[in-house]
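Visitor:
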Amino acid sequence: MKLLSSICKSIFASAFAVSALTVSALAEYPEKPVTMIIPLGAGGSHDLNARVISSILPSYLGQPVIVKLMPGASGQTGTAAAANAAADGYTILFTHNFIDQLQQHVSKLPYDPNEDFVTVARTNYAAPSVIVKKDSEFSDIDSILGYAKENPGKLRFGHSGNWGAFMVPGAMLFSKAGARPTLVPHKGGGPALQALLAGDVDVSMAFNSVIDSQAENVKPLVSVSPNTTIEGVPTTDEAGIPDVGEMGIMHRVVLAPAGVPEEALAKLRTAFAEMQEDKTYKRMLGKLGENTEFMDGEAYDAVRLKQSEEYGNLVRNLASN
Amino acid sequence: MLQELFEGLLLILRFDTLLMTGVGLVLGILVGSLPGFTTVMAMAVLLPISFFLDPLVGIPFLVGVYKGGIYGGSIPAILVGIPGTGASVATTFDGPALAKKGKSRKALDMALYASVFGDATSSILTIFLIGPIALIAMRIGPPELAVVLALSMAIIATTASGSLAKGMVMLAFGMFLSLVGQDPIGAVNRFTFDIFAVQAGIDLLPMLIGLFAIPEILLAVESRISAAAKVNKPEGDPLSWQELKRSRRTILRSTFLGGAIGAIPGVGQVVAAFMGYAAAQKAAPNPETFGKGDLDGIAAPEAANNAVNGPTMVPLLTLGIPGDNITAILLGAFVAQGLRPGPQLFADQGPIVYALLGSMVIACLLLLVLGWIMIPVFARVVAIPRAYLVPLTLIFAVAGTYVYRSNPMDLVFLVVFGLFGYGARKLKFDVTPLVMGFILAPPLEYAIGQTLLLSQGDMFNYIVNERPVTLALLALIPVLLFFVFRNHLFAGAKGRPGAKPGARNVPTKGG
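Which chain is which? The protein sequence lines are A and D, in order.
In terms of my numbering, the numbers along the first sequence are unbroken and rise by one, the last being 321.
In terms of my numbering, the numbers along the second sequence are unbroken and rise by one, the last being 832.
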């Protein structure tokens, strides 16, 4: 049974790793394919990013990369599986910062994210913007925050799911400003956008590619980002809301179980860094509307500790009311 | 519009488009017919291939995988009684019974024709009614969805076989099981007893395979003593024109039902299949044959669940909003090609949009041809001697459950549901209401939770003042329920008459 499943997986994986079939015969890491666990479901943006990575990375790693989707319990199932896997460099985790650093504050986990994992690389990030309908009475972020402050619970903020890529930055933004909207979850960004267009909710969030394609229907008010992503739209820092820009963006990160051999970690980090220069990689991610803003593992490990603290504060702040 | 439609069709009538659509269909059928591999998974894996193809080749290729996958689910449902997806559960009511009668070829043919007709008709209707469907989709929010789902549940519940009380118990149990895991609105753990492996909740696929495949295997092992059980039924003759003609009303009815359900975002194929089955049974002159191997019982759910496909594309094409994972992957394929679905694309590149809608119809027609070629091969499955088929089914059941999301806990659920299903058979409980409650309760709960948040604590005024569509739907409930329960009131509650619980799917002697 296990054999069958791994055969099937290898077939799928190898279909995109043809270039990697020239396996190096050296008896050093990696000697066999590397499994990349994604704690999210098929068809999401992480899955799509991973398909690109798993088709390019093998040429830099010298072994195929097998994508293993393990969704469930807000990403905890896959993360726990990676934490329990042998720390030999043959299992890595492709996750994002909200699963990685926020879940520990809202749930009892069988692992400790900062003790049990080290960062291999941050492959890229996605910065969302606050959006309203084109004909909305709100014309800038201050008017929304003002309204939400004066009418607690009146403003309806539609997001893409609890503790996800829109809820966290949204909640951070409002709670830093001392405002309390009603948070309405949706099953993904699509339904949340539809709710905004239908007028079910007053405000929502979206990534740039969506904002571009919906330019006639929505207007962005502020970008949750450390630097300008849409011309003419202020960032949170420029709008006078500190820290959200750095903490509220979604980082796509590759982690390895702690205790992974030095040489394996070094090899993985190098392979990911080298992949950044690959033209096909850049082109494919560009087609998906993703950036390739790489950050190396050591630098990102420092960001993680800060995230842990900030998200802890956010959860406590939300829970205190 | 007609001119744009015509231009669009010309764009896709080329050899490479047709070839890749065919390749996609074959891949889709193979993946769909293996339990555990989902259509979404296959599309996500194959998406990068489409990046390197011309948009008018790459996207029809994915459409092929999609259509093939949805159709493929009916094959194991008919041949071995394992529904690969929720959408093919209703197909297991009559499919295996037909296979046991030596009519598996007819059942597979019927599933193909009904699927293709439902899909093609709904795609064509979608092309002409794209504006109105888009308007409906925008009017449906959480409160409307909640009403539609509750209503569907009530109607489908009337089709359960056996005693009403037993059906209700199973329905409630299924609804309860769906609560296990993380609460989708509040993100709080429920009924997990602090066991980490249970936090992810119970997934539909291990449950389906457990409830349907394992009891079948156990019963087959049990009937081993009967020497006659070793003899296999051949796959039988193909479906005759007469038989197809006899089901034409059922296929038409299911197609329109499925199309209407598809226009309401968030309801989906599972509900459509059950509704199609329920409606066919209510309209049939001989409802007692349903569940015992009636060809109408294949035609009804298969036409209905495929007819959902056309209208679900509308929010994606008109607004650029994907409603589910499949449309999200298609959106990825569009965006990667520099095409951004939405009003702008329609205005600027109308022919391309129509070309893609047209490719859905062409994929259906190709499916018909490919199905013709592949069905005789699949139908041979029933000719495999029992001694090999039963262990093979077990291997596929277990492997499929694990492959699905590589979670060992799912295997535990598989075994538990298998034993539960076996016990339920023996005690004459129908497991269908359990599956139904399990599938329908989460979206219903989610929609009600969203409605509560949106209404900000004042549900009554919110619905009366802001949701006229919800009010209209609520007013419809008594009328619809009267029609549905009329037969029950005047003819005595029969449910799926004749389909004695436990009788369905049980290997008969000599079969």
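All residues carry an ideal CB built from backbone N, CA and C; glycine is no exception.
Quick caveat, the model's predicted, so the values are computed rather than measured.
Measure the Cβ-Cβ separation of A:ASP100 and A:GLY158 and say whether it is below 8 Å.
Guide: By one-based count along the first sequence, residue 100 of chain A stands at place 100. By one-based count along the first sequence, residue 158 of chain A stands at place 158. Not closer than 8 Å, so no.
Visitor: Quick one, which residues of the region 627-644 of chain D are near chain A if we go by CB-CB under 8 Å, in chain order?
Guide: Listed by position along the chain: PRO636, LEU640, GLY641, ILE642, PRO643 and GLY644.
Visitor: According to DSSP, is A:SER223 helix, strand or coil?
Guide: Start at 1 with the first residue of the first sequence, and residue 223 of chain A comes out as number 223. Correct three-state label for A:SER223: strand.
Visitor: With a threshold of 6 Å on Cβ separation, who are the neighbours of D:LEU843 within its own chain once the five nearest residues in sequence on each side are excluded?
Guide: For chain D, the structure presents residues 322 to 832; residue 843 of chain D sits outside this window and is missing.
Visitor: Within 8 Å, do at least three Cβ pairs link the region 46-66 of chain A to the region 77-87 of chain A?
Guide: no
Visitor: Going along the chain, which residues of the region 775-800 of chain D sit with their C-beta nearer than 7 Å to a C-beta in chain A?
Guide: LEU775 and GLN777
Visitor: Mind listing the chain A neighbours of D:LEU368? Cutoff is C-beta to C-beta under 7 Å, in chain order.
Guide: Here residue 368 of chain D refers to the residue found at position 47 of the second sequence. Neighbours of D:LEU368 on chain A, chain order: LEU48 and ARG51.
Visitor: Check A:TYR111 in the structure and name its three-state DSSP category.
Guide: Here residue 111 of chain A is taken as the residue at index 111 of the first sequence, counted from 1. In the structure shown, A:TYR111 sits in coil (DSSP, three-state: anything other than H, G, I, E or B).
Visitor: Hey, out of A:TYR111, A:VAL34 and A:ALA192, whose CA is closest to A:SER160's CA?
Guide: Numbered from its first residue, the first sequence carries residue 160 of chain A at position 160. Ranking the options by Cα distance to A:SER160, first place goes to A:ALA192.
Visitor: Less than 8 Å separating the beta-carbons of A:VAL224 and A:PRO169?
Guide: Taking the first sequence and counting its residues from 1, the one referred to as residue 224 of chain A is at position 224. Taking the first sequence and counting its residues from 1, the one referred to as residue 169 of chain A is at position 169. Yes, these two residues count as a Cβ contact at 8 Å.
Visitor: If we require 4 or more residues per run, which alpha helix (DSSP H) segments fall completely within the region 21-79 of chain A?
Guide: Here the runs fully enclosed are 45-56 and 58-61.
Visitor: If we count the other Cβ atoms within 10 Å of its Cβ and call it buried at 16 or more, is D:LEU765 buried or exposed?
Guide: Within the second sequence, numbered from 1, the residue matching residue 765 of chain D stands at position 444. D:LEU765 should be labelled buried.
Visitor: Just checking, does the region 704-711 of chain D make contact with the region 533-547 of chain D on the three C-beta pairs under 8 Å criterion?
Guide: yes
Visitor: For a contact meaning CB atoms closer than 7 Å, what does A:VAL106 contact in chain D?
Guide: Numbered from its first residue, the first sequence carries residue 106 of chain A at position 106. Below the 7 Å Cβ cutoff, chain D contributes ALA508 as neighbours of A:VAL106, in chain order.
Visitor: Establish whether the CB of D:SER727 and some CB of chain A are separated by less than 8 Å.
Guide: Here residue 727 of chain D is taken as the residue at index 406 of the second sequence, counted from 1. At least one chain A Cβ lies under 8 Å of D:SER727.
Visitor: Check each residue of the region 176-194 of chain A: if its Cβ is closer than 8 Å to any Cβ of chain D, include it; give the result in chain order.
Guide: THR182, LEU183, VAL184, PRO185, HIS186, LYS187, GLY188, GLY190, PRO191, LEU193 and GLN194
Visitor: Using alpha carbons as the reference points, say which of D:ASN607, D:ALA620 and D:PRO586 lies closest to D:PHE595.
Guide: Within the second sequence, residue 595 of chain D is the residue found at index 274, counting from 1. The option with the nearest alpha carbon to D:PHE595 is D:ALA620.
Visitor: Closer than 6 Å by C-beta to A:GLU310: which residues in its own chain qualify, once you throw out the five before and the five after it? Chain order, please.
Guide: Stepping through the first sequence from its first residue, residue 310 of chain A is reached at position 310. So the list reads MET247, once near-sequence residues are dropped.
Visitor: Of the residues that make up the region 137-155 of chain A, which ones have a beta carbon closer than 8 Å to any beta carbon in chain D?
Guide: GLY153 and LYS154
Visitor: Does the beta carbon of D:ILE670 sit closer than 8 Å to a beta carbon anywhere in chain A?
Guide: Walking along the second sequence from the start, residue 670 of chain D turns up at place 349. It is Gln, not Ile, that sits at residue 670 of chain D in the sequence shown. Not closer than 8 Å to any Cβ of chain A, the Cβ of D:GLN670 fails to qualify, so no.
Visitor: Residues of chain A with CB under 9 Å from D:VAL656, in chain order?
Guide: Locating residue 656 of chain D in the second sequence gives position 335, counting from the first residue. What D:VAL656 touches in chain A: SER209, SER213, LYS287, LEU288 and GLY289.
Visitor: Just to confirm my understanding: we take D:GLY389, look at its own chain, exclude 5 residues before and 5 after, and list those with CB closer than 7 Å. What are they?
Guide: Your numbering for residue 389 of chain D matches position 68 in the second sequence. GLY345, LEU346, VAL347, LEU348, GLY349, ILE350, GLY353 and LEU688, listed in sequence order.
Visitor: Looking at the structure shown, is D:ALA549 part of a helix, part of a strand, or coil, going by DSSP?
Guide: In the second sequence, counting from the first residue as 1, residue 549 of chain D sits at position 228. Its pLDDT being 46, under 50, D:ALA549 is placed unreliably in this model, and the value from its coordinates should be taken loosely. In this structure, D:ALA549 counts as helix in the three-state DSSP scheme.
Visitor: On the criterion of 16 or more Cβ atoms from any shown chain inside 10 Å, does A:SER320 qualify as buried, or is it exposed?
Guide: Along the first sequence, one-based indexing puts residue 320 of chain A at 320. That one is exposed.
Visitor: With a threshold of 8 Å between beta-carbons, can A:GLY170 be considered close to chain D, or not?
Guide: Against the first sequence, residue 170 of chain A aligns to sequence position 170. Chain D contact via Cβ: absent.
Visitor: For the region 191-250 of chain A, which segments carrying the alpha helix (DSSP H) assignment without a break, of at least 4 residues, lie completely within its bounds, in sequence order?
Guide: Complete alpha helix (DSSP H) runs here, min 4: 208-213 and 244-247.
Visitor: If you measure from the beta carbon of D:GLN771 to each beta carbon in chain A, is any gap under 8 Å?
Guide: On the second sequence, position 450 is the one that residue 771 of chain D refers to. Yes - at least one Cβ of chain A is within 8 Å of the one on D:GLN771.
Visitor: Assuming A:LEU155 and A:ILE144 are in contact, meaning their beta carbons sit under 8 Å apart, how far apart are those beta carbons, in whole angstroms?
Guide: The sequence position of residue 155 of chain A within the first sequence is 155, counting from 1. The sequence position of residue 144 of chain A within the first sequence is 144, counting from 1. Rounded, the Cβ-Cβ distance is 7 Å, consistent with contact.
Visitor: Quick one: is D:ILE370 buried, meaning 16 or more other Cβ sit within 10 Å of its Cβ, or exposed?
Guide: Taking the first residue of the second sequence as 1, we reach residue 370 of chain D at position 49. So D:ILE370 counts as buried.
Visitor: Any idea if A:TRP163 is buried or exposed, counting beta-carbon neighbours within 10 angstroms, 16 or more meaning buried?
Guide: Looking up residue 163 of chain A in the first sequence gives position 163. Looking at its Cβ environment, which holds 16 or more other Cβ atoms inside 10 Å, A:TRP163 is buried.
Visitor: Rounded to whole angstroms, what's the CA-CA distance from D:GLU564 to D:ALA649? Just pull it up for me.
Guide: As a position in the second sequence, residue 564 of chain D is number 243, starting the count at 1. As a position in the second sequence, residue 649 of chain D is number 328, starting the count at 1. Their Cα atoms are separated by approximately 39 Å.
Visitor: Determine which residues share a DSSP beta bridge with D:MET834 and list them.
Guide: Past the edges of chain D, shown from 322 to 832, lies residue 834 of chain D, and the structure says nothing about it.
Visitor: Please determine, among D:ASP779, D:ALA768, D:ILE457 and D:LYS747, the residue with the shortest C-alpha to C-alpha distance to A:HIS186.
Guide: What you label residue 186 of chain A is simply residue 186 of the first sequence in a count that begins at 1. Residue D:ALA768 is the option with its Cα nearest to A:HIS186.
Visitor: Determine the chain A residues that contact D:GLY502 at a beta-carbon separation under 9 Å, and present them in chain order.
Guide: Taking the first residue of the second sequence as 1, we reach residue 502 of chain D at position 181. Residues of chain A passing the Cβ test: GLY72 and ALA73.
Visitor: Is DSSP giving A:ASN124 helix, strand or coil here?
Guide: Numbered from 1 along the first sequence, position 124 holds the residue referred to as residue 124 of chain A. Strand.
Visitor: Measuring alpha carbon to alpha carbon, tell me which of D:LYS613, D:THR610 and D:ALA628 ends up nearest D:GLN590.
Guide: Along the second sequence, one-based indexing puts residue 590 of chain D at 269. With distances taken between Cα atoms, D:GLN590 lies closest to D:ALA628.
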